[in-house]
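Scroll down for the structure; my scribbles are underneath it.
There are 2 protein chains.
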Amino acid sequence: MDPFALVQDEVSIVSERLCQSIVSNVPALEQAAEYFFRPGVRGKRLRPTLLLLMSSALSDQQPAPELLLPDHRPPHERPQEQRRRQQRIAEIAELIHVASLLHDDVLDDAETRRGISSLNAQSGNKLAILAGDFLLARASVTLASLQNTEIVELLSRVLEHLVAGEVMQMSAAPEQLTSMAYYLDKTFYKTASLMANSSRAVAILGEQQPEVSDLAWQYGRHLGLAFQIVDDLLDILGSSKQLGKPALNDMRAGLATAPVLLAAEEQPGLISLIRRKFKGGSDVQYALEMVQASNGIQRAKELAAQHAQLAAQQIEALPASSSPHALAAREALINITHRVLVRSK
Amino acid sequence: MDPFALVQDEVSIVSERLCQSIVSNVPALEQAAEYFFRPGVRGKRLRPTLLLLMSSALSDQQPAPELLLPDHRPPHERPQEQRRRQQRIAEIAELIHVASLLHDDVLDDAETRRGISSLNAQSGNKLAILAGDFLLARASVTLASLQNTEIVELLSRVLEHLVAGEVMQMSAAPEQLTSMAYYLDKTFYKTASLMANSSRAVAILGEQQPEVSDLAWQYGRHLGLAFQIVDDLLDILGSSKQLGKPALNDMRAGLATAPVLLAAEEQPGLISLIRRKFKGGSDVQYALEMVQASNGIQRAKELAAQHAQLAAQQIEALPASSSPHALAAREALINITHRVLVRSK
Chain L
933 MDPFALVQDE VSIVSERLCQ SIVSNVPALE QAAEYFFRPG VRGKRLRPTL LLLMSSALSD
993 QQPAPELLLP DHRPPHERPQ EQRRRQQRIA EIAELIHVAS LLHDDVLDDA ETRRGISSLN
1053 AQSGNKLAIL AGDFLLARAS VTLASLQNTE IVELLSRVLE HLVAGEVMQM SAAPEQLTSM
1113 AYYLDKTFYK TASLMANSSR AVAILGEQQP EVSDLAWQYG RHLGLAFQIV DDLLDILGSS
1173 KQLGKPALND MRAGLATAPV LLAAEEQPGL ISLIRRKFKG GSDVQYALEM VQASNGIQRA
1233 KELAAQHAQL AAQQIEALPA SSSPHALAAR EALINITHRV LVRSK
Chain V
933 MDPFALVQDE VSIVSERLCQ SIVSNVPALE QAAEYFFRPG VRGKRLRPTL LLLMSSALSD
993 QQPAPELLLP DHRPPHERPQ EQRRRQQRIA EIAELIHVAS LLHDDVLDDA ETRRGISSLN
1053 AQSGNKLAIL AGDFLLARAS VTLASLQNTE IVELLSRVLE HLVAGEVMQM SAAPEQLTSM
1113 AYYLDKTFYK TASLMANSSR AVAILGEQQP EVSDLAWQYG RHLGLAFQIV DDLLDILGSS
1173 KQLGKPALND MRAGLATAPV LLAAEEQPGL ISLIRRKFKG GSDVQYALEM VQASNGIQRA
1233 KELAAQHAQL AAQQIEALPA SSSPHALAAR EALINITHRV LVRSK
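Protein chains in written order, with the working numbering: chain L, 933 to 1277; chain V, 933 to 1277.
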């Protein structure tokens, strides 16, 4: 059972609202904001998929058919129905995610994104910064429409975390560069916080008890950590599409990720390379050899698997349900914890 | 009576909270965010001053002494007292304003701001973008603490307007470049929306009737327009400090502001220069001469005066009050409408 198939139609509704919600009376802005919402460039919509599955996993009732039809209300109009409100969390999470991609690409001077030219490369840094700001503003307006200030606070904290994670990465002191704890904190801020806090928001809108909201939060947190560690592994191992050739973008950018940090525990020679951000002539190549000669890769795989397993355990700990609808969604959420481990791009 | 003196102590409390609220566990970020909150670089705190005066103008009661002492609650903790909540609007408005300055300076490649090196010039674009994002995130968290989603929506719209105004400026079509209506729309978005909507927020927190909130909104709108038109005039007339030498930064950046647009109604030769964004060899000098030969400057002064007067009229239309406290604040708000017209820097 493909977990993406289970909520595919509903994800399309959210995508359609995303395209609507960026309609603006300023054409240049609309064009820019739309850039990542075009069909084919949308990415796999992992966050909306997760969040809609979580909505189902916590509900005995299947969404009524009318809730699976497009919702044409403007972003600031308040929806009353629980499921519509949960769909808005999926929409907001994707708006924040895409905004952070736009700003990250400016920060990294990235030239491509999702297989096409990045917005900054195509239209300049200015428009990319402003388009990101615009999506964040739209996220705030939509967030306000939910009329729930606990949720406004949760999602505002995510923004703060995204920034803090990026700055932690930019400004790490030498001893922080080699610290696994620092890496995990940064990774929580940069990747897992959005998944954790938006999952909690979905549970709160589903009127769940605090214990259940905590499980949802932990699911998002552990899945996010597993996801990012695998991402970092792929940068070193290479994706299958690229015939196993590693990209090594992280090391080239001066970043030591989980496999390297774990390797350094066995290969102290790595420490000085990490601290000088792999800036010496053949540092990257030399570091790669030391990583390959260690158990760093194996241990990073195990770490990702642990987090994936912890994510799955949160779902298993949810209150018992006899609803086939909820059970299918739970199975899909567990399935996703396996999928993040075996993905190859 | 100096209107700034009337709420000076309370503005200091807001300033202190601003410094507190940017405390972060990421030192590089704190340093960056703090950049514009240091004493001496704070600017005149126009927005907090306005908003605290508006709070007083709409209240019969002087704030209790304990509300004029610093408030050490974290930004997400909910204050119950009405005046504290209004102080938070002053704080949020300043956070949004400074965030927009940080992003604007990146967009404009500005080298200085408020007499010191700009953050982007000193620490790079990355940190300046992230510091701006961080202040916006802090503004959202503080906003959420007010537990009033109407106000979350008002201030989220301001963000959207700031972006829309900037993009309107960047992407104007040739016929829009010469349109006074387009200029005024853009100016509302870029400058007046924050003043208008935060004034309304203060009135709403003061539990005022919708008619009164509308007056507060119109006050902010007209004051913001007057303020910006005078700013644009000073760029052409020169400030007294600069011995009357015009800066002409706007024209050099390709922008035609109110005096130029009004001059063009008499001097059709200006139109082609505006449309080519003053990019020809001596366009700026030539345009300046045409403006000086027209009534553009006089008419722009009159336009600013009209908006200042309309702002003052909103205050005069407020419900009668016998509170000396409220009356002094109202007088100060009217005084500010005069001051924006005669300022020279």
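Ideal placement from N, C-alpha and C gives every residue a C-beta, glycine not left out. Just so it is clear, the structure is predicted and the values come from calculations on it, not from any experiment.
Residues of chain V with a CB under 9 Å from the CB of residue i: which are they?
{"i": "Ala1188(L)", "result": "Chain V residues near Ala1188(L): none, gap ~18 Å exceeds 9 Å."}
{"i": "Phe1066(L)", "result": "Leu1091, Glu1092, Val1095, Ala1096, Val1099"}
What residues in its chain sit with their C-beta under 8 Å from that of residue i, if we drop five residues either side in the sequence?
{"i": "Asp941(V)", "result": "Leu1000"}
{"i": "Ala1240(L)", "result": "His1154, Leu1155, Ala1158, Thr1269, His1270, Val1272, Leu1273"}
{"i": "His1029(L)", "result": "Arg979, Leu1126"}
{"i": "Pro1191(L)", "result": "Asp1164, Leu1165, Ile1168, Val1223, Gly1228, Ile1229, Arg1231, Ala1232"}
Taking 8 Å as the threshold (beta carbon to beta carbon), is residue i in contact with chain L?
{"i": "Ser1088(V)", "result": "yes"}
{"i": "Thr981(V)", "result": "no"}
{"i": "Gln1079(V)", "result": "yes"}
{"i": "Ala1113(V)", "result": "no"}
{"i": "Asp1182(V)", "result": "no"}
{"i": "Leu984(V)", "result": "no"}
{"i": "Lys1058(V)", "result": "yes"}
{"i": "Ala960(V)", "result": "yes"}
{"i": "His1154(V)", "result": "no"}
{"i": "His1239(V)", "result": "no"}
{"i": "His1270(V)", "result": "no"}
Report yes if the CB atom of residue i is closer than 8 Å to the CB atom of residue j, and no otherwise.
{"i": "Lys1209(L)", "j": "Gly1228(L)", "result": "no"}
{"i": "Ser1050(V)", "j": "Ala1042(V)", "result": "yes"}
{"i": "Lys1058(V)", "j": "Leu1039(L)", "result": "yes"}
{"i": "Leu1147(L)", "j": "Leu1027(L)", "result": "no"}
{"i": "Gln1014(V)", "j": "Gly1138(V)", "result": "yes"}
{"i": "Leu983(L)", "j": "Ser1130(L)", "result": "yes"}
{"i": "Leu990(V)", "j": "Ser1072(L)", "result": "no"}
{"i": "Pro1002(L)", "j": "Ile945(L)", "result": "yes"}
{"i": "Thr1119(V)", "j": "Gln1160(V)", "result": "yes"}
{"i": "Val1144(V)", "j": "Pro995(V)", "result": "no"}
{"i": "Ile1136(V)", "j": "Thr1074(V)", "result": "no"}
{"i": "Ala918(L)", "j": "Val1095(V)", "result": "It is not possible to answer for residue 918(L), since the shown part of chain L is limited to 933 through 1277."}
{"i": "Arg1207(L)", "j": "Pro1106(L)", "result": "yes"}
{"i": "Ala1179(L)", "j": "Gln1199(L)", "result": "no"}
{"i": "Tyr1151(V)", "j": "Leu1067(V)", "result": "no"}
{"i": "His1035(L)", "j": "Glu1085(V)", "result": "no"}
{"i": "Leu1242(L)", "j": "Met1112(L)", "result": "no"}
{"i": "Gln1012(L)", "j": "Ser987(L)", "result": "no"}
{"i": "Thr1110(L)", "j": "Ala1196(L)", "result": "yes"}
{"i": "Leu938(V)", "j": "Ala1244(V)", "result": "no"}
Step through the CB atoms of chain V and report whether any lies within less than 8 Å of the CB of residue i.
{"i": "Val1038(L)", "result": "yes"}
{"i": "His1029(L)", "result": "no"}
{"i": "Lys1211(L)", "result": "no"}
{"i": "Ala1042(L)", "result": "no"}
{"i": "Ile1061(L)", "result": "yes"}
{"i": "Met1102(L)", "result": "yes"}
{"i": "Ala1135(L)", "result": "no"}
{"i": "Val1073(L)", "result": "yes"}
{"i": "His1004(L)", "result": "no"}
Show which residues of chain V have a CB atom less than 7 Å away from the CB atom of residue i.
{"i": "Arg1132(L)", "result": "The contacting residues do not exist; Arg1132(L) stays about 14 Å from chain V at best."}
{"i": "His1008(L)", "result": "Glu1085"}
By DSSP's criteria, residue i is part of a beta bridge. Which residues make up the other side?
{"i": "Thr1044(L)", "result": "Ser1049(L)"}
Between residue i and the rest of its own chain, which residues show a CB-CB distance below 6 Å, the 5 nearest in sequence each way excluded?
{"i": "Ile1021(L)", "result": "Leu983, Ser1130, Ala1133, Val1134"}
{"i": "Asn1267(L)", "result": "Pro935"}
{"i": "Met1100(L)", "result": "Lys1118"}
{"i": "Arg977(V)", "result": "Val943"}
{"i": "Ala1124(V)", "result": "Arg1153, Gly1156, Leu1157"}
{"i": "Asn1052(V)", "result": "Asp1037, Val1038, Ala1060"}
What does residue i touch in chain V if you count any residue whose Cβ is under 8 Å from its own?
{"i": "Met1222(L)", "result": "Residues of chain V passing the Cβ test: none, with the nearest at roughly 29 Å."}
Between which residues of its own chain and residue i is the CB-CB distance below 7 Å, once the five residues before and five after are set aside?
{"i": "Ser1282(V)", "result": "Nothing about residue 1282(V) can be reported from this structure: the residues present for chain V run from 933 to 1277 only."}
{"i": "Val1162(V)", "result": "Ala1236, Val1272, Leu1273, Arg1275"}
{"i": "Gln1108(L)", "result": "Tyr1114"}
{"i": "Asp1182(L)", "result": "Asp1164, Asp1167, Thr1189"}
Who are the neighbours of residue i on chain L, taking C-beta pairs under 8 Å?
{"i": "Arg1070(V)", "result": "Glu1092"}
For residue i, go through chain L and note every residue whose CB falls closer than 7 Å to its CB, in chain order.
{"i": "Ala901(V)", "result": "Absent from the structure is residue 901(V), since the part of chain V shown begins at 933 and ends at 1277."}
Is the beta carbon of residue i within less than 7 Å of some heavy atom of the ligand PLP?
{"i": "Met1100(L)", "result": "Judged by which ligands are present, the structure shown has none, so any question about the ligand PLP falls away."}
Could you list which residues in chain L have their beta carbon closer than 9 Å to that of residue i, in chain order?
{"i": "His1257(V)", "result": "In chain order: nothing, as chain L lies at least about 31 Å away."}
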